[in-house]
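For reference, the structure discussed in these notes is given below.
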Amino acid sequence: MTIRTLIWHEHRHEKTNKLVASLYPEGMHGALKNAYKGDKDFAVDHALLDDDAEHGLSQKRLDETDVLVWWGHAAHGDVKDEIVERVAKRVWEGMGLIVLHSGHYSKIFKKLMGTPCSLKWREAGEKERVWIINPNHPIAAGLPEMIEIENEEMYGEPFSIPEPLETVMISHFEGGEVFRSGVTYQRGAGKVFYFRPGHEAYTAYHNPLVLKVIKNATRWAYNPAKPWFGIHPSPNVPHDKAPIPLEVKGPTLHEKGEEGFR
Ligand code: ZN
Numbered sequence: 016m017t018i019r020t021l022i023w024h025e026h027r028h029e030k031t032n033k034l035v036a037s038l039y040p041e042g043m044h045g046a047l048k049n050a051y052k053g054d055k056d057f058a059v060d061h062a063l064l065d066d067d068a069e070h071g072l073s074q075k076r077l078d079e080t081d082v083l084v085w086w087g088h089a090a091h092g093d094v095k096d097e098i099v100e101r102v103a104k105r106v107w108e109g110m111g112l113i114v115l116h117s118g119h120y121s122k123i124f125k126k127l128m129g130t131p132c133s134l135k136w137r138e139a140g141e142k143e144r145v146w147i148i149n150p151n152h153p154i155a156a157g158l159p160e161m162i163e164i165e166n167e168e169m170y171g172e173p174f175s176i177p178e179p180l181e182t183v184m185i186s187h188f189e190g191g192e193v194f195r196s197g198v199t200y201q202r203g204a205g206k207v208f209y210f211r212p213g214h215e216a217y218t219a220y221h222n223p224l225v226l227k228v229i230k231n232a233t234r235w236a237y238n239p240a241k242p243w244f245g246i247h248p249s250p251n252v253p254h255d256k257a258p259i260p261l262e263v264k265g266p267t268l269h270e271k272g273e274e275g276f277r
């Protein structure tokens, strides 16, 4: 088993902000790659917003991706809607998606959630304690009961997401707020995990426990089944092709063989 993992990164702040460039000299995607270092279960690559006209996310590349990891912040609006649609389709077909930190406002996350995905925030370098409240969950494998991150941006509730399938982690911040910081969803055949830490002005992605969560989540989100292409069309099943063929008993709106309204 090899989990083909693609780290998608906006990669703008490293080029425009000296602090971020100094914290992540290899880019945040470079730091995130360390999560999988030396583990032969993963084949890891990255794609960047400005790679090409498709943000490095051609159909072929997505078709060859098992789990996509997404980090974006300042340039959500620069991601083309057609690419967002393409990524969503792959999730529905079974590709795993891990959305990190400020990706809560990414087009792809908001599309898959269908809610504002808003939250409170504060940039004060305060301590974050990520409490693992579902220690038997595969994403929590090998983790302590709490991950302490010395400096982080605060994200606070209410986080306007749909009720999660599972809440794996809750964060507490030095200033008092709490936040559902590790939540799972199923969208079509695809598994989705949102994980909170990772503000670009701090060093969360150099923290081995944070990286362990991301690797665990990648393994959890991997779907070994063949893509479920049949999730997209809505085929008409005529009465004479029904599993138990039947006579038409009432009036019909559609002509025989019509595709129907889309
Ligand atoms: Zn942030």
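Just so you know, we're using my numbering here: the sequence shown kicks off at 16 and counts up by one.
Glycine is no exception: its CB is placed at the ideal position from the N, C-alpha and C atoms.
Predicted model only: the values in this text are computed from it and were never measured.
Check residue i in the structure and name its three-state DSSP category.
i, result
"LEU64", "coil"
"ARG27", "coil"
"ALA139", "strand"
"GLU181", "strand"
"TYR217", "coil"
"LYS288", "The requested residue 288 is not part of the displayed model; the chain covers only 16 to 277."
"TRP107", "helix"
"MET128", "helix"
Give a yes or no on whether the C-beta atoms belonging to residue i and residue j are separated by under 8 Å.
i, j, result
"TRP146", "HIS187", "yes"
"VAL183", "VAL106", "no"
"ARG211", "TYR237", "no"
"CYS132", "LYS142", "no"
"ILE278", "ASN222", "Because the chain is modelled from 16 through 277, residue 278 falls outside the range shown and cannot be assessed."
"TRP243", "GLY203", "yes"
"GLU25", "ALA36", "no"
"HIS214", "GLU168", "yes"
"LEU134", "ILE98", "no"
"GLY129", "GLY205", "no"
"ILE18", "ASP60", "no"
"TYR220", "MET43", "yes"
"ALA267", "PHE57", "Per the sequence presented here, residue 267 reads as Thr, with Ala not at that position. Against a cut-off of 8 Å, the Cβ pair of PHE57 and THR267 comes out as no contact."
Under a Cβ-count criterion, where at least 16 other Cβ atoms within 10 Å of its own Cβ denotes burial, should residue i be classed as buried or exposed?
i, result
"ASP78", "exposed"
"GLY190", "exposed"
"VAL225", "buried"
"ILE259", "exposed"
"SER175", "exposed"
"SER249", "exposed"
"HIS247", "exposed"
"ARG195", "buried"
Among the candidates the options, whose CA atom is the shortest distance from the CA of residue i?
i, options, result
"ARG144", "HIS152, ALA46 and ILE185", "ILE185"
"ILE22", "LYS48, TYR200, SER121 and HIS247", "LYS48"
"VAL94", "ILE18, TYR217 and GLU69", "GLU69"
"VAL114", "LEU261, GLY197 and GLY140", "GLY197"
"GLY109", "MET161, LYS256 and LYS241", "LYS241"
"ASN157", "ASN231, PRO179, LYS122 and THR199", "Correcting the residue type first, residue 157 is Gly in the shown sequence and not Asn. Closest option to GLY157, Cα to Cα, is ASN231."
The ligand SAH and residue i: does any heavy atom of the ligand fall closer than 7 Å to the residue's C-beta?
i, result
"LEU72", "With respect to small molecules bound, the structure shown includes the ligand ZN and not the ligand SAH."
Can you check whether the C-beta of residue i is within less than 8 Å of a C-beta belonging to chain C?
i, result
"SER73", "Absence of chain C from the displayed structure is noted, only one protein chain being present."
| said: Beta-carbon distances below 5 Å to any heavy atom of the ligand ZN define the shell here; list its residues in chain order, please. | reply: Residues flagged by the Cβ proximity filter: SER117, GLU168 and HIS214.
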